[in-house]
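A.B. asks: Residue numbers (this note's numbering), protein chains in the order written: chain A, 21 to 286; chain B, 21 to 286; chain C, 2 to 272; chain D, 2 to 272.
Put into structure tokens, the structure is as follows:
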């Protein structure tokens, strides 16, 4: 991919990087929302210099000694300058403090292994302990099969952490971007109190190829895309990328106070 | 209807009353479960002489001065020897104590006015106060329009009473019989912790005629019948009439103790 | 309703159904700041016949939900004339449970001919959806205020109507069955619709007298459809005044009063 | 598993999928008295791929739920080979929430290739259904015990597998992906299925070593399929012993331990 003229991931049109950046990395030709690395997301959403990183040094341990896994991780650490597929921390958005996590699709399609699960869990626990809301910008190919059962268990671990956050009366907002699939969709992604999505993102449990193989027929038009999920009741809102910061700020603001405190529940 | 040779409500075959009684009023020809009056139900399910009546003297007051309503009620009180469309009380089933209510379809198709709502609410409150489970044998044409808005409000009143019962850790078991429709289905009938039904009973919210008028087409085969509702996830079990007493006794037995009491919730 | 003349029930039925009346989204536009519409029941679908979302009423974060009719035929087809399917009630309940979790009061606008009587609605448990809303709303641990802004049609209205305060606009109706349905079932004669409207006692005045509702919000001269903004302002005033009372109640008191509110409804004798 | 020889992962995969293994309903027949099967999610359907109900384990009232495979092709088609749709997971959760309300411990039998990957399943929220089960089960206020009785396939298995104790029968597997799927995705070569089975570390022995499960229930000679009743008896013994511990815990301890059970799973460094 040319760094100066990156291609749209859908229609393959090349765009001058400065224009693309101005357009929030949305293709002016086909409207496709280009996949973004974690730091770009942070820049687009968080208040300047407000981001404080958590657990930057946490790394995978290849618990199964899975063929080629260790090498692949090392390689990705070099190319992405990240240690794993999720960046977590705290930040402010229009002055409102929140914990904030972003998955980075360059890192093994941001599949969830032990590190992704642990970092997200710690972030949610930090929110619960410090009375903060939580935001997760999600993209993921699902579970990281190279970590086998440890990967699967991250689904239970992160879901339990969302429950504990909610039980303290605090919200999780999730933003689903292209692609959000597998074990990540089937855990924290679908557990947002409010679930936002970018348009035309692939969102689902099973991958389209697997489904096609199973049922032996083609998918209906728009199947597993954001608009389809919205129509089927799975999403709260589609949000344009350039509105994302502003919508998240409004969500934080609305959830920043409890109007009714008479409840003995919390 | 001949008292000695009553007709099946579906296939119209006449049966000798003694045989029919022996067959639990199930047509030997077509399997239809004949509609039963409240006292027959009590005899079929409750331990002999265990039934203690609640609120036998409660009567309607015609709050809207609705045309012909008062006369109709008087007439029905004479023919049915009941004061209203539901009989409530306590009883034992195989030795286990429960509150127990039965609707009587002879009384204005057991539609729910103020008395039906009040008697059922009192029965549920009695259960909650005395730590008893509750059973309701239901048949009903729905709301009693002659009582207008008072009829509608019985839905809210009874549903709230089920909630209070449940909040005390006590169950409601409902048995849906032919027909169970309208505002009764859309309140306590569908709120059973376990919902049983007799086979081939009409169960639904809107009446089939209303639906046919609205959509201008015929109903699919078996639409709104027990088997259809079971397949659509709305019922726990179909129970043969002659098994009903035994199944209810088992439900009471299983719910008669809390195996786990570590919960701070209750 | 003009107090100077005694309108007939059948006229009020007509006014309550006036196609130019403000809809839920109209009211939201006037009275809620920072509104975000939220969609879906997270189970099956997003029912356009019910809308809901969050925002600020003055400076109070609220969840606001309502039946949504269309402004024209096309939109009405999409909105199914405000007749919800089970997924509509389940969306409403989902939003109310979110409201409970975050201590937001709930405001419901009711304007529906009734729950949709169709095959899919029955298949997916129309009765269960309504019943479960009544059950859950009876103890939802935040204040709930419901306002009938047009037609309050039967169980489909009540499914948004279990509340701490229920108000009706002056030219609206709230009834266990439509006058047409009543005439057709009881007298098998649709010509008797006017009689049924009268007999059912379904006007705001009737229901206030019966103590089923807590107050009537008067419509501006000529009806709500003549001045949406003015009507919205009157609603906002009522909401703020009711909320200032309700928000000060502790939870047990709130829920006991809500229970008692419905507990006492019904007329019978015990001699 | 015979401890005397070291079986290959791929052999255990084959045994775990043996068509004559006892199913959930077989086990229930042997270990539960007064069993009543309960149906439906009360929202959309009754999924035959998951069964559930109530009854007595010895003298303890329990809720028992499990994937259900068929005994022959016809029944397997009806049961969808134990691959549940969202309504299956929602039925399971409904029954678990009932169990919580009435203080009944929950026993789950897991035997599924995975959640069904189909159009309807996606449309009705397969991901949401699984996620919501994980979320709710993590704090369900009664003891939960899960037993893998055959195939523990990915999220579709885990959706019944968040528990206070998790056991595997000796010839069963539990994995994030099937060996076939792994070989096909990773190496685009289904001939490498055996390698994938080995690499995934999916046997009971592996998982016990990883401390993902709490114990292995040995199968009778020749495997569970050889003697259903014997296998059922072994399971019953394990359940009774686990329950006698769990039932004595207060709720806070129970739930904190359950949280910690999953909290500590994962391997990473922080240098």
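Think of the CB as a built atom: it goes at the ideal place given N, C-alpha and C, for glycine as much as any other residue. Since this is a predicted model, take the numbers as computed values, not measurements.
Is there a Cβ from chain D that is less than 8 Å from the Cβ of residue 126 (chain C)?
C.D. replies: Working through the third chain from its first residue, we reach residue 126 (chain C) at position 125. Yes, because at least one Cβ of chain D sits closer than 8 Å to the Cβ of residue 126 (chain C).
A.B. asks: Which chain D residues sit within Cβ distance under 8 Å of residue 186 (chain B)?
C.D. replies: As a working mapping, residue 186 (chain B) is identified with position 166 in the second chain. What residue 186 (chain B) touches in chain D: 102.
A.B. asks: When you compare only the Cα positions, how much space is there between residue 153 (chain D) and residue 54 (chain D)?
C.D. replies: Within the fourth chain, the letter at position 152 stands for residue 153 (chain D). Within the fourth chain, the letter at position 53 stands for residue 54 (chain D). Rounded to the nearest angstrom, the two C-alpha atoms are 21 Å apart.
A.B. asks: List the residues that DSSP assigns as beta-bridge partners of residue 62 (chain D).
C.D. replies: What you label residue 62 (chain D) is simply residue 61 of the fourth chain in a count that begins at 1. According to DSSP, residue 62 (chain D) bridges with D:57.
A.B. asks: Give me whichever residues DSSP pairs with residue 111 (chain B) in a beta bridge.
C.D. replies: For this step, residue 111 (chain B) is matched to residue 91 along the second chain. Residue 111 (chain B) is bridged to B:118.
A.B. asks: Per the contact definition of three or more C-beta pairs closer than 8 Å, is the stretch 173-189 of chain D in contact with the stretch 239-254 of chain D?
C.D. replies: no
A.B. asks: Examine chain D for any beta-carbon lying closer than 8 Å to the beta-carbon of residue 135 (chain A), and answer yes or no.
C.D. replies: Residue 135 (chain A) sits at position 115 when you count from the first residue of the first chain. Closer than 8 Å: yes.
A.B. asks: Under 8 Å, Cβ to Cβ, is there at least one residue of chain C near residue 43 (chain D)?
C.D. replies: Sequence index remark: in the fourth chain, residue 43 (chain D) carries index 42 (1-based). At least one chain C Cβ lies under 8 Å of residue 43 (chain D).
A.B. asks: Given a cut-off of 8 Å, decide if residue 91 (chain C) and residue 42 (chain C) are closer than it, judged by their beta-carbon atoms.
C.D. replies: Here residue 42 (chain C) corresponds to residue number 41 of the third chain, with the count starting at 1. Here residue 91 (chain C) corresponds to residue number 90 of the third chain, with the count starting at 1. Contact: yes.
A.B. asks: Once you ignore the five residues that flank residue 219 (chain A) on each side, which residues in its own chain have a CB closer than 6 Å to its CB?
C.D. replies: Residue 219 (chain A) sits at position 199 when you count from the first residue of the first chain. Result list for residue 219 (chain A): 246 and 258, in chain order.
A.B. asks: Who are the neighbours of residue 282 (chain A) on chain C, taking C-beta pairs under 7 Å?
C.D. replies: Against the first chain, residue 282 (chain A) aligns to sequence position 262. Listed along the chain, the chain C residues whose CB falls inside 7 Å of the CB of residue 282 (chain A) are 250, 251, 252 and 255.
A.B. asks: At 7 Å on the CB atoms, spell out the chain C contacts of residue 81 (chain B), in chain order.
C.D. replies: In the second chain, counting from the first residue as 1, residue 81 (chain B) sits at position 61. 268, 269 and 270, listed in chain order.
A.B. asks: Given this structure, state the Cα-to-Cα distance separating residue 242 (chain C) from residue 145 (chain A), to the nearest angstrom.
C.D. replies: The residue you call residue 242 (chain C) lines up with position 241 of the third chain. The residue you call residue 145 (chain A) lines up with position 125 of the first chain. Cα-Cα distance, rounded: 39 Å.
A.B. asks: Give a yes or no on whether the C-beta atoms belonging to residue 273 (chain A) and residue 96 (chain A) are separated by under 8 Å.
C.D. replies: Residue 273 (chain A) sits at position 253 when you count from the first residue of the first chain. Residue 96 (chain A) sits at position 76 when you count from the first residue of the first chain. Contact flag unset, no.
A.B. asks: Considering residue 199 (chain B), what are the terminal residues of the beta strand (DSSP E) in which it resides?
C.D. replies: Here residue 199 (chain B) refers to the residue found at position 179 of the second chain. Element bounds for residue 199 (chain B): 192-200.
A.B. asks: Would you give the residue range spanned by the beta strand (DSSP E) that residue 36 (chain A) belongs to?
C.D. replies: To locate residue 36 (chain A), count along the first chain from 1; it is residue 16. Careful: residue 36 (chain A) lies outside any beta strand (DSSP E) and carries neither H nor E.
A.B. asks: Compute the Euclidean distance between the alpha carbons of residue 152 (chain A) and residue 55 (chain B), then round it to the nearest angstrom.
C.D. replies: Counting from one through the first chain, the residue named residue 152 (chain A) turns up at place 132. Counting from one through the second chain, the residue named residue 55 (chain B) turns up at place 35. Between residue 152 (chain A) and residue 55 (chain B), the C-alpha separation is close to 59 Å.
A.B. asks: Secondary structure at residue 30 (chain C), three-state DSSP: helix, strand or coil?
C.D. replies: Numbered from 1 along the third chain, position 29 holds the residue referred to as residue 30 (chain C). Collapsing the DSSP output to three states places residue 30 (chain C) in a helix.
A.B. asks: In chain C, what lies closer than 7 Å to residue 278 (chain A) by C-beta?
C.D. replies: In the first chain, counting from the first residue as 1, residue 278 (chain A) sits at position 258. Within chain C, the residues near residue 278 (chain A) are 103 and 104.
A.B. asks: Please report the straight-line C-alpha distance between residue 51 (chain B) and residue 128 (chain C), rounded to a whole angstrom.
C.D. replies: One-based indexing of the second chain puts residue 51 (chain B) at position 31. One-based indexing of the third chain puts residue 128 (chain C) at position 127. Taking the straight line from one Cα to the other gives about 26 Å.
A.B. asks: Taking only three categories from DSSP, how would you classify residue 146 (chain B)?
C.D. replies: Residue mapping note: residue 146 (chain B) aligns to position 126 of the second chain, counting from 1. In the structure shown, residue 146 (chain B) sits in a helix (DSSP, three-state: H, G or I).
A.B. asks: Out of B:278, B:240, B:206 and B:171, point me to the one whose CA is closest to residue 265 (chain C)'s CA.
C.D. replies: Here the question's residue 265 (chain C) lines up with position 264 in the third chain. Ranking B:278, B:240, B:206 and B:171 by Cα distance to residue 265 (chain C) puts B:171 first.
A.B. asks: Using the Cα positions of residue 271 (chain D) and residue 171 (chain D), report the straight-line distance between them to the nearest angstrom.
C.D. replies: Position 270 of the fourth chain, counting from 1, holds the residue named residue 271 (chain D). Position 170 of the fourth chain, counting from 1, holds the residue named residue 171 (chain D). Spanning the two alpha carbons is a distance of roughly 35 Å.
A.B. asks: Is there contact here, the stretch 190-206 of chain D with the stretch 184-194 of chain A, by at least three beta-carbon pairs under 8 Å?
C.D. replies: no
A.B. asks: Quick one: give me the first and last residue of the alpha helix (DSSP H) that residue 97 (chain A) is part of.
C.D. replies: As a working mapping, residue 97 (chain A) is identified with position 77 in the first chain. Element bounds for residue 97 (chain A): 89-100.
A.B. asks: Find the residues of chain A that neighbour residue 211 (chain D), judging by a C-beta separation of less than 8 Å, and give them in chain order.
C.D. replies: As a first step, residue 211 (chain D) is located in the fourth chain; it is residue number 210 there, counting from the start. Those are 83, 169 and 170, listed as they occur along chain A.
A.B. asks: Under 8 Å between beta-carbons, which chain D residues line up against residue 252 (chain A)? List them in chain order, please.
C.D. replies: The sequence position of residue 252 (chain A) within the first chain is 232, counting from 1. Neighbours of residue 252 (chain A) on chain D, chain order: 124, 125 and 126.
A.B. asks: Residues of chain D with CB under 7 Å from residue 174 (chain A), in chain order?
C.D. replies: Residue 174 (chain A) sits at position 154 when you count from the first residue of the first chain. Simply 267.
A.B. asks: Check the Cβ-Cβ distances between residue 244 (chain B) and every residue of chain C, and say whether any is below 8 Å.
C.D. replies: Position 224 of the second chain, counting from 1, holds the residue named residue 244 (chain B). Judged by the 8 Å Cβ criterion, residue 244 (chain B) is in contact with chain C.
A.B. asks: So, does the CB of residue 118 (chain D) fall closer than 8 Å to a CB anywhere in chain A?
C.D. replies: To locate residue 118 (chain D), count along the fourth chain from 1; it is residue 117. Residue 118 (chain D) counts as touching chain A.
A.B. asks: Say whether chain A places a C-beta atom closer than 8 Å to the C-beta of residue 241 (chain C).
C.D. replies: Walking along the third chain from the start, residue 241 (chain C) turns up at place 240. Cβ-Cβ to chain A under 8 Å: no for residue 241 (chain C).
A.B. asks: At a CB distance below 8 Å, what residues from the stretch 247-275 of chain A approach chain C? Give them in sequence order.
C.D. replies: 250, 251, 252, 253, 254, 255, 256, 257, 267, 270, 271, 273, 274 and 275
A.B. asks: For the stretch 199-214 of chain B, enumerate the residues whose C-beta is nearer than 7 Å to any C-beta of chain D, in chain order.
C.D. replies: Shown in chain order are the members of the stretch 199-214 of chain B whose Cβ falls below 7 Å from a Cβ of chain D: 213 and 214.
A.B. asks: Name, in chain order, the residues that DSSP records as bridge partners for residue 107 (chain D).
C.D. replies: Locating residue 107 (chain D) in the fourth chain gives position 106, counting from the first residue. Beta-bridge annotation (DSSP): residue 107 (chain D) is paired with D:64 and D:145.
A.B. asks: Could you please give the first and the last residue of the uninterrupted beta strand (DSSP E) stretch that includes residue 216 (chain B)?
C.D. replies: For this step, residue 216 (chain B) is matched to residue 196 along the second chain. From DSSP, the beta strand (DSSP E) with residue 216 (chain B) extends over 214-217.
A.B. asks: Are the CB atoms of residue 160 (chain D) and residue 131 (chain D) within a distance shorter than 8 Å?
C.D. replies: In the fourth chain, the residue the question calls residue 131 (chain D) occupies position 130. In the fourth chain, the residue the question calls residue 160 (chain D) occupies position 159. Contact flag set, yes.
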